[in-house]
Amino acid sequence: MPMLDVGFETPSEMLTAAFAGFRSLPLPVAQLSLAAVLRCGQSFRWNIYPLLADQISPLNSSLPTHEYRLCLRDRVVCLRQSPDVLWYRSVFPGPTLPPSMTDIREAETLAWIEDYFQLHIDLNDLYDQWSERDPVFQAIKQRFAGIRILRQDPFENLMSFICSSNNNITRITKMVKSLCMHYSPPLLTLPPPALLDGSLAQEQAPPCVYHPFPPPSALAPTEVTSHLRSLGFGYRADFIQRTAQMLVETHGSTSSSGEVQEPAEKFLMSLRLLSTSEAREELLKFVGVGRKVADCILLMSLDKGEVIPVDTHVQQIAAKHYGLRAPAGKTNMTPKLYDEVSSKLTAIWGEYAGWAHCVRVRYCAKFHELQSLHRSYSPRISRHLSTTVYPRLHPHRRKRGQHLS
């Protein structure tokens, strides 16, 4: 059978093409797994493109399997990942920058990456600490390496988790991207990346128009509510508009000369400096923000790594595996029960309990996916998968900018 001509004569040529135009940051997948972190319901605006037509048996394990793109206010950040390196590049609107300016702007992008992914925190150290405290975590840590909490823009995070109420990741993603498309002007247009194995399928896909996330002033006008309802936001439309309006009326919408952030956005950033209880109290003032949504924002954008967003699923985990006394029968998530679950798990996992919780919930989600697949297998195969793939279950900080090994 003749070999398919993919345009690369040697594997090294394919590797060169995979990272052409990208800069490198030494970073093992154990410290950051883009595939896990950018798909687990923390952030909802990343565009993810496959780079290999055959995802099951790639030609070279060093090749990146996907490209991840996010539109910031002034650039689109593109990421790829090999086992020991994170690859990044920025795309800017307008003419090509001269090399000296490109170096400056890419240094800005690197600083953003290190801040956004909180790379000053050694994830291997945290996994070791959680494993020492928690035999359950010890049993699953190898299968779920590289999961860390993002440090997101607080306003985007706030709006995203208002959208999350009684919702799923697919619909939340659609809503968040609708906010960008309808309330933020386009920054630039990019075609999808070419597949590395020579397939033309993706190259025939239409280019993507990238919009930054809108500022509070864009979502504050009263007519936003009816428009968002027409886009399928339902009752969340009112929450989004009223929260944005509250921010703008209280803190202003006019940026000072040369500043990108609006005063309302700067106010939300300032919550990082408050205690957890003080910051939570401020968040609970917004329409559509209850305890769990507030705790998601505290964890994912306001530097409160100990916070655990609790729902009935997390309560069941605490009762089944961590000795929490569960009320008999079906239980509602009362404030008292919420605090009991949070306190129990924080006592086990410590200062970064919210990070450990993210790994634990990811495990349970994957376990339930596997269980649904078992129904199509024979009982013998199902038992084998249960014991070999997902067995039954009876930090150190670094200076920002310091690379992890």
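Take -9 as the starting number for the sequence shown in our numbering and just add one per residue. Beta carbons: idealized from backbone N, C-alpha and C, even for Gly.
Practice item. Report the option in V277, P253, M259 and C30 whose CA atom is closest to the CA atom of S291. Key: Looking at the Cα atoms, M259 is the closest of the given residues.
Review point. Under three-state DSSP, which class holds N114?
Key: Three-state DSSP puts N114 in a helix.
Check your understanding: Between which two residues does the beta strand (DSSP E) containing R13 stretch?
Key -> Start and end: R13 to P16.
Check your understanding: What residue from L62, K326, P211 and S155 has the CA that sits closest to R95's CA?
Key -> Sorting L62, K326, P211 and S155 by C-alpha distance to the C-alpha of R95 places L62 at the top.
Practice item. Give the range of the alpha helix (DSSP H) segment to which Q235 is assigned. Key: Its alpha helix (DSSP H) spans residues R226 to H241.
Check your understanding: If you run the structure through DSSP and keep just helix, strand and coil, what is T179?
Key -> Under the three-state reduction of DSSP, T179 is assigned to strand.
**Study point:** Cα-Cα separation between A7 and P89, rounded to whole angstroms
**Key:** The alpha-carbon atoms of A7 and P89 are separated by roughly 20 angstroms.
Point to revise | Contact check, F134 vs V297, beta carbons under 8 angstroms | key: V297 is positioned such that its CB atom lies no closer than 8 angstroms to that of F134.
Check your understanding: How would you write the range of the beta strand (DSSP E) that S72 sits in, first residue to last?
Key -> For S72, the enclosing beta strand (DSSP E) stretches over residues V66 to S72.
Exercise for review: Give, in chain order, every unbroken run of the alpha helix (DSSP H) that is at least 4 residues long and sits entirely within the segment 243 to 291.
Suggested key: Runs found: 253 to 260, 266 to 273 and 281 to 291.
Point to revise | In DSSP terms, what E57 is bridged to | key: According to DSSP, which records beta bridges pairwise, E57 is partnered with Y39.
Check your understanding: Closest to N446 by CA distance: which of F223, A129 and I338 is it?
Key -> One cannot answer for residue 446 here, as it falls past the ends of the chain, which runs -9 to 395.
Practice item. Leaving aside the five residues before and after R315 along the sequence, list all residues of the same chain whose C-beta is less than 6 angstroms from its C-beta, in chain order. Key: Closer than 6 angstroms at Cβ, skipping near neighbours: no residue.
Check your understanding: Where does C30 fall in DSSP's three states?
Key -> Coil at C30, not helix or strand.
Review point. Buried or exposed: Q132, going by 16 or more other Cβ atoms within 10 Å of its Cβ?
Key: Exposed, since its Cβ has fewer than 16 Cβ neighbours within 10 Å.
Review point. Among the residues of its own chain, which have a CB less than 8 angstroms from the CB of R141, if the five just before and after it don't count?
Key: Around R141: D105, Y106, F107, Q108, M290, S291 and D293.
Check your understanding: For the candidate residues R29, W36, I152 and R65, whose alpha-carbon lies nearest to that of V351?
Key -> The candidate whose alpha carbon is nearest that of V351 is R29.
Check your understanding: Do W77 and S23 have their CB atoms nearer than 8 angstroms?
Key -> Note that the C-beta distance between W77 and S23 is not below 8 angstroms.
Check your understanding: Out of C68, V66, V75 and G31, which has the shortest C-alpha to C-alpha gap to Q21?
Key -> For the residues C68, V66, V75 and G31, the minimum Cα distance to Q21 belongs to V75.
Review point. Is the CB-CB distance between L41 and E57 below 8 angstroms?
Key: Their beta carbons are under 8 angstroms apart, which means L41 touches E57 by this criterion.
Point to revise | Enclosing beta strand (DSSP E) for S80 [first to last residue] | key: Taken as a continuous stretch (DSSP letters only), the beta strand (DSSP E) holding S80 covers V75 to V81.
Practice item. Quick one: measure Cβ to Cβ for V19 and G136, integer angstroms, because I've assumed they're closer than 8 angstroms. Key: Right, their Cβ atoms sit about 5 angstroms apart.
Point to revise | Buried versus exposed call for H358 [16 or more other C-beta atoms within 10 Å across all chains shown] | key: Any reading at H358 needs caution, since the residue's pLDDT is 47, under 50, leaving its predicted position unreliable; the model's value is listed next. Taking all protein chains shown into account, H358 has fewer than 16 neighbouring C-beta atoms within 10 Å of its C-beta and is therefore exposed.
Check your understanding: Where does D301 land, buried or exposed, given buried means 16+ other C-beta within 10 angstroms?
Key -> D301 is exposed by the Cβ-count criterion.
Review point. C153 by DSSP, collapsed to three states: which one?
Key: Residue state, collapsed to three classes: helix.
Review point. At which residues does the beta strand (DSSP E) containing V199 begin and terminate?
Key: Segment C198 to Y200, the beta strand (DSSP E) holding V199.
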